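The structure appears right after this line, and notes come after that.
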Amino acid sequence: MQIDRSKRPASSANIDFKLPKINSQRLNNGLDIYFVEKNELPIIRLSLIINCGSRYDPVHLNGLNNLLAMCIDEGAGELNSLQLADEFEMLGAHFSVSTDPDIMLLSLQTLTENFNKALNLFACVVTKPHLNEIDFKREQDKVFVRLRQLNAEPDYLAETAFEYFLFGNSSPYSLPTLGTDKTINKITIDSIQRSYSKSFSPLNSKLVVAGNIDKLNLDSEIGSALGNWYSKHTTDQQVLEFKNPGKKVLIVDKEGAVQTEIRTGHLTSKRNQEDFFQKQILNLTLGGQFSSRLNLNLREKNGYTYGIHSRFNYWKDAGYFAVSTSVDTELTFQALKEIFSEVDKIKDGITQDELTFAKSSLIKRFPSNFETYTQISGNIIRKIIHNLPDDYFENYTDNIESVTQDEVNKIGSSSIDADKLVTVLVGDSKNILAQINEDKFGEIKVVEFDKIFGE
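Numbering of the sequence shown is given in this note's numbering, commencing with residue 750 and proceeding in unit increments.
The structure is reproduced here in structure tokens:
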């Protein structure tokens, strides 16, 4: 049988898929628990969400909560750092902690047979961390080393500078989660301990559990391990307001660089707005998949880049649209011109074929988002953070299927607007300046990365 490779393959039938049921309850201490029973493997995964992201860092101590996360498992209860790590390892359990602008996430994955012991270790880390000077200094030094590494990576410079200029220096979302050399140097063990006391509370947390355990046993185990966790939190209630900074280009100079990292985008609505599904389809068509307009233009047609993508990124209280790629420095102008052109053309709408393909793609990939314990937990976490409806997952495919071409085209110019694009270029400024002009891309300014955050 001969295949006509000039034609796009037809979509297969929809996958028969049953969503896992999400149960919820609240302990007497106020800790909300979300639970999915998944019995295919003898594994249980816990994820504790704490409203302790970098947005709550004091400005002069940016990076504080990330450093707290790094210190939190450096000894707890009667165990020092090495002993605690050994205990988790002997149980075959994996403990991890991470921070983003909104939350700190403490995660544990363990075998069902070792759940009780692993859970008690987890609870000990949450409620009785050592947070001592020696461990703090060691973790602080690791941050300095990591910052030196990242400051040599153009993609990190581009992402960090882009969010700073996009949100503006008065927004907590503009500052890097990791902090800067200047702010990390000001952090002390006292400030780490204060942040812990301020944030770690059952009333400031949510627990997500997915795995091989029934509700009755879960209630007993969680109640025993975390039911006596009582503490008040004093996390600030922030009211965040945002304004698009307007069309401009910021060049972060890396003298002699042979490539330019490109980030361009603008602020948009939050994740829980009604236009979310229309925006998903719009973005998939523009730059959210390999066969998108941006990739077909810049990669397939012109050969400017190995890959380019666009996305809507969402934090709890903000959202933005962004395009990301890297090109040879000599091609910076040509690449920018094509990006701006494709972004501008999306306001004219998408075709019926593009709509059909995007909807099919989103619907068919949806079941794969619930295959692993990490994926199930991650979806519930996003539902909690963005305050999505209880029936969000049940209605997801119907909401995608019901989107019309007119609806997508109606929100095209308001959701993605070439006249609002903030552009960050990381590369050789002299070479870039010789190519671009303000008439097409907005006001142009050259900046040093070290000076962006007042270093």
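Glycine is no exception: its CB is placed at the ideal position from the N, C-alpha and C atoms.
All of these numbers come straight from a predicted model, not from anything done at the bench.
* Between the CA atoms of Ile1160 and Leu989 - distance to the nearest angstrom -> 24 Å
* Give every residue of the same chain whose Cβ lies closer than 7 Å to the Cβ of Ile1125, excluding the five residues on either side of it in the sequence, and list them in chain order. => Pro769, Val785, Lys787, Ala959, Phe1119
* **Distance between His1015 and Gln1184 (C-alpha atoms, nearest Å)** => 23 Å
* To do: For Ser1110, count neighbouring Cβ atoms within 10 angstroms of its own Cβ and tell me buried if that reaches 16, exposed if not.
  => The C-beta of Ser1110 has 16 or more other C-beta atoms within 10 Å across all chains shown, which makes the residue buried.
* At what residues does the alpha helix (DSSP H) containing Ala739 begin and finish? -> Outside the shown range of the chain (750 to 1204) lies residue 739, about which nothing can therefore be said.
* With distances taken Cα to Cα, identify the nearest neighbour of Lys997 among Pro791, Glu1192, Ser920. => Glu1192
* Short check: CB of Thr932 to CB of His1058, under 8 Å? -> In this structure, His1058 does not lie closer than 8 Å to Thr932 by Cβ.
* Per DSSP, what kind of secondary structure is Pro769 in: helix, strand or coil? -> Secondary structure at Pro769: coil, using DSSP grouped into helix, strand and coil.
* Asked: Leaving out the 5 sequence neighbours to the left and right, which residues in its chain are closer than 8 Å to Ile892 when beta-carbon positions are compared?
  -> The sequence given here places Val at residue 892; Ile does not occur at that position. Answer for Val892: Gly812, Asn815, Leu816, Met819, Leu927, Gly928, Ile933, listed in chain order.
* Residue(s) in a DSSP beta bridge with Pro878 -> Ala825
* Asked: Can you name, in chain order, every residue of its own chain whose Cβ lies under 7 Å from the Cβ of Gly976, other than the five neighbours on each side?
  -> Leu776, Asn777, Asn778
* Asked: By a C-beta neighbour count over all protein chains shown, 10 Å radius and 16 as the cutoff for buried, is Gly1005 buried or exposed?
  -> exposed
* Select from Asp1077, Ala1084, Trp1064 the residue whose C-alpha is nearest the C-alpha of Lys1050. => Ranked by how close their Cα comes to the Cα of Lys1050, the residues Asp1077, Ala1084, Trp1064 have Ala1084 in first place.
* Asked: Run through DSSP, which three-state label would Leu795 get?
  -> strand
* Closest residue to Ile1165 among Leu1174, Glu838, Phe949, Ile1095 (Cα-Cα distance) -> Ile1095
* How big is the Cα-Cα spacing for Thr876 and Pro951? -> 10 Å
* Of the choices Leu1035, Ser923, Thr1078, whose alpha-carbon is the least far from that of Glu1010? -> Thr1078
* Taking only runs of the beta strand (DSSP E) that begin and end inside the segment 1031–1088, which ones reach a length of at least 3 residues, in chain order? -> 1057–1064, 1067–1077
* **Residue span of the beta strand (DSSP E) that contains Ser856, given as start and end** => For Ser856, the enclosing beta strand (DSSP E) begins and ends at 853–860.
* Sequence-distant residues of its chain with Cβ nearer than 7 Å to Lys866 (five each side left out) -> Leu840
* To do: With DSSP as the reference, label Lys1200 as helix, strand or coil.
  => Lys1200: helix per DSSP, three-state reduction.
* **Asp1102: first and last residue of the uninterrupted alpha helix (DSSP H) it sits in** => 1101–1114
* **For Ala834, the nearest candidate out of Ile852, Leu870, Thr861 (CA to CA)** => Leu870
* To do: Please report how far the alpha carbon of Lys947 lies from the alpha carbon of Leu915, in whole angstroms.
  => 29 Å
* Between the beta-carbon of Asp822 and the beta-carbon of Val846, is there less than 8 Å? -> yes
* Candidates Asn993, Phe864, Ala901, Arg794, of which the one nearest Ser1163 by Cα -> Checked all of Asn993, Phe864, Ala901, Arg794; the closest Cα to Ser1163 is Asn993.
* Short check: CB of Thr909 to CB of Thr1013, under 8 Å? -> no
* To do: Could you tell me which uninterrupted alpha helix (DSSP H) segments, each at least 4 residues in length, are contained entirely in the segment 865–933, listed from first to last along the chain?
  => 882–899, 903–916
* To do: Quick one: residues in its chain with C-beta nearer than 7 Å to the C-beta of Ile1201, no 5 flanking neighbours on either side, listed in chain order?
  => These residues qualify, in order along the chain: Ala910, Tyr913.
* Could you tell me which residues DSSP pairs with Arg775 in its beta bridges? => Asp781
* Report buried or exposed for Glu1204, applying the criterion of at least 16 other Cβ atoms within 10 angstroms of its Cβ. => With a pLDDT of only 48 at Glu1204, under 50, the local geometry of the prediction cannot be trusted, and the value read off the model is given with reservation. Looking at its Cβ environment, which holds fewer than 16 other Cβ atoms inside 10 Å, Glu1204 is exposed.
* Asked: If you count every other CB in all the chains shown that lies within 10 Å of the CB of Ala901, and 16 or more means buried, which is it?
  -> exposed
* **6 Å Cβ shell around Leu999 - same chain, five flanking residues per side excluded** => Phe914, Val1173, Lys1194, Val1196
* Would you grab the beta carbon distance between Leu1170 and Val1092 for me? Rounded to a whole angstrom, and I think it's under 8 Å. => 7 Å
* Residue interval of the beta strand (DSSP E) (run including Phe1190) -> Premise fails: Phe1190 lies in the alpha helix (DSSP H), 1187–1190, not in any beta strand (DSSP E).
* **Of the residues Arg943, Thr861, Gln1008, Ile771, the one placed nearest Glu702, counting alpha carbons only** => Because the chain in this structure spans residues 750 to 1204, residue 702 falls outside the shown range and cannot be described.
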